Amino acid sequence: MYRVLITGDTHGHIQSVLDLMENVEFDEVIHLGDYVKDAAAIGNIYKEIPVHFVRGNNDFSGENEKVINIAGRKIFICHGHTLGVGTNLLKISLAAREKGALIALHGHTHVPEDLMVNSVRIFSPGSPTYPRMSERSVGILEADGDYFEMAHYYIK
């Protein structure tokens with residue numbers, strides 16, 4: 172089973188993410204911004220695990236958005252602040268489709284979500300640090316052959 176940790180909006184506090192990584196084996200990490208220095212810190216601790224990241228509205232370097240490939244699927248990743256994810260998900264769905272991705276991951280809202288919009292699966296992991304309207308959370312993607320699933324993991 173190939174497993175990817177999806178997180179973001181850590182805002183300088185990654186201990187809960189590190190605790191999870193001590194107990195669950197991940198093959199890759201995706202950090203959706205706010206703070207990209209947290210993605211770098213995770214990468215420095217887990218040097219053998221690829222860490223993908225995008226810049227959030229509280230970051231000053233890095234790309235706003237990009238497409239990555241996980242288990243043979245194109246995945247559009249962004250923080251989401253430049254696409255207005257807090258009010259409307261049509262822009263992110265169009266941006267993903269324009270890049271050939273039918274999966275879009277975003278942060279910014281600190282709210283976990285998993286929706287289909289314009290034939291694009293839009294997934295937000297929430298926040299492991301400062302959640303809104305939810306418990307602290309991250310996302311976990313699992314893939315094995317044709318099996319591909321994303322779910323929220325709530326941190327106690």
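Heads up, the numbering used here is the position in the sequence shown plus 171, with the first residue counted as 1. C-beta atoms are modelled at their ideal positions from N, C-alpha and C, and glycine is treated no differently. Please read these numbers as outputs of a predicted model, since none were measured by experiment.
D205 carries a coil assignment under DSSP once its states are collapsed to helix, strand and coil.
By a beta-carbon distance limit of 8 angstroms, V188 does not contact I216. Their separation comes to about 10 angstroms. Of the candidates A267, L273, L286 and F294, F294 places its Cα closest to the Cα of H279.
In chain order, V225 and R226 place their CB closer than 7 angstroms to the CB of E234, counting only its own chain and leaving out the 5 sequence neighbours on each side.
Of the residues assessed, Y206 falls on the buried side of the cut-off, its CB having 16 or more other CB atoms within 10 angstroms. S308 carries a strand assignment under DSSP once its states are collapsed to helix, strand and coil.
Of all alpha-carbon atoms in H202, T181 and R174, the one lying nearest the alpha-carbon of N194 is that of R174.
In this structure, I263 is the residue among G257, S232 and I263 with its C-alpha nearest to the C-alpha of V238. Under DSSP, M172 forms no beta bridge with any residue. Collapsing the DSSP output to three states places I177 in a strand.
Taking 8 angstroms as the cut-off, the Cβ atoms of G251 and D209 do not count as close. With a threshold of 16 other beta carbon atoms within 10 Å, A322 falls short and is exposed. The Cβ atoms of V309 and L176 sit closer than 8 angstroms to each other. The alpha-carbon separation between R303 and T178 amounts to approximately 14 angstroms. Within its own chain, the residues whose Cβ lies closer than 6 angstroms to the Cβ of T300, once the five positions on either side in sequence are excluded, are T181, H182 and H184, listed in chain order.
Excluding five sequence positions before and after A275, the CB atoms of its chain that fall closer than 6 angstroms to its own CB belong to F247, I263, A267, V291 and I293, given in chain order. Per DSSP, the unbroken beta strand (DSSP E) holding I293 starts and ends at V291 to P296.
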